[in-house]
Amino acid sequence: MELKVFSNPAEVARAAAQHFVNLTPKSVALSGGSTPRVLYELLAHPGEPFRDQIGWDTIDFFFTDERHVPPAHPDSNYRMANEALLSRVPVPKNNVHRIPSENLVAAEAAVDYEYDVRTFFNTDSPAFDLVLLGLGEDGHTASLFPGSEALHESERLVVAPWVEKLNSYRITLTLPVLNNSKSVVFLVTGASKAEILREVIKTESEPKPDLYPAQAIRPKRGKLLWLVDKAAAAALPATLQTPAPTTTC
Ligand code: 6PG
């Protein structure tokens, strides 16, 4: 696991964008929430160096998870990624694999999305070239929440857990596919994440995935990279806080 600290969210996004360009991924699972929006807008920005270095028509975009809402809903991860990135770059429509979260039965949406993932990779163990993840203040990542049965799923690639604290279903990739990825990048910014980031990193050698699901992300063969800003790193040991030179990825 590698952790790099940057001055602010814009520099985290710049480092992640450079990692994206260097990796030339063909299959990407996009994270939701608010943190990755800065990265998505940077990748799409015509005035920035990243957009023109990316072969958009060679990439298939998936999602790590989705809220159980229609695609036009303000909470939709697809809506955020489409507004910030996918509608602004020349990705072929068929290369965007949206989770069909408008399905009134979340479990059916999970089955359909799993079929899409398996069909695309055409193998029993799909491996994304790049997975982007965030970290919730409770230690969740994707829609794998503390204490969730979804954390113990060993066969299915996509499940639809009920999330009590949110009083809603979510649809999420599971650990078997997340940990089969070739590169996993956590993007964590803001002072509100300092406490949980310290807990997750401090005990990552003795992981407690039911308490901190983000610790269950341990790619079998792939690279795990944490790109964080100073505010989120504020509670880490001083040795981990040395800001990385900009765009070192
Ligand atoms: C989601 C995300 C979720 C997110 C974290 C962090 O659907 O919300 O997949 O795992 O990455 O909750 O969210 P923020 O980036 O908004 O802090």
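As numbered in our numbering, residues 1217 to 1465 make up the sequence shown, in order. Think of the CB as a built atom: it goes at the ideal place given N, C-alpha and C, for glycine as much as any other residue.
With respect to the 9 Å criterion, Leu1391 and Val1221 are not classified as neighbours on the basis of their beta carbons. Within the same chain, Val1254 come within 7 Å of Ala1226 by CB-CB distance, once the 5 residues on both sides are set aside.
When beta bridges are read from the DSSP output, Leu1246 appears opposite Phe1279. Lys1418 counts as exposed, since fewer than 16 other C-beta atoms from the protein chains shown sit within 10 angstroms of its C-beta. Pro1362 is the residue among Pro1362, Gly1350, Val1404 whose C-alpha sits nearest the C-alpha of Pro1423. The alpha carbon of Asn1319 has as its nearest neighbour, out of Arg1283, Asp1345, Ala1451, the alpha carbon of Arg1283. Straight-line measurement puts the Cα of Val1244 at about 6 Å from the Cα of Val1347. Between Ile1270 and Leu1259, the C-beta spacing is below 9 Å.
As summarised for the region 1308 to 1378, the continuous beta strand (DSSP E) elements at least 3 residues long and confined to that stretch are 1346 to 1349, given in chain order. Between Gly1248 and Asn1293, the beta carbon gap of about 3 Å places them in contact (Cβ cut-off 8 Å).
Assignment of Phe1266 by DSSP, reduced to helix, strand and coil, places it in the coil class. In the three-state DSSP reduction, Thr1455 falls in the helix class (H, G or I). Less than 9 Å divides the Cβ of Ala1358 from the Cβ of Thr1280. The region 1312 to 1330 makes no contact with the region 1408 to 1418: fewer than 3 CB pairs, one atom from each, lie closer than 8 Å. Counting along the chain, the unbroken alpha helix (DSSP H) around Arg1230 starts and ends at 1225 to 1239. Counted as a single uninterrupted DSSP element, the stretch harbouring Leu1302 is not any beta strand (DSSP E), since DSSP gives it neither H nor E.
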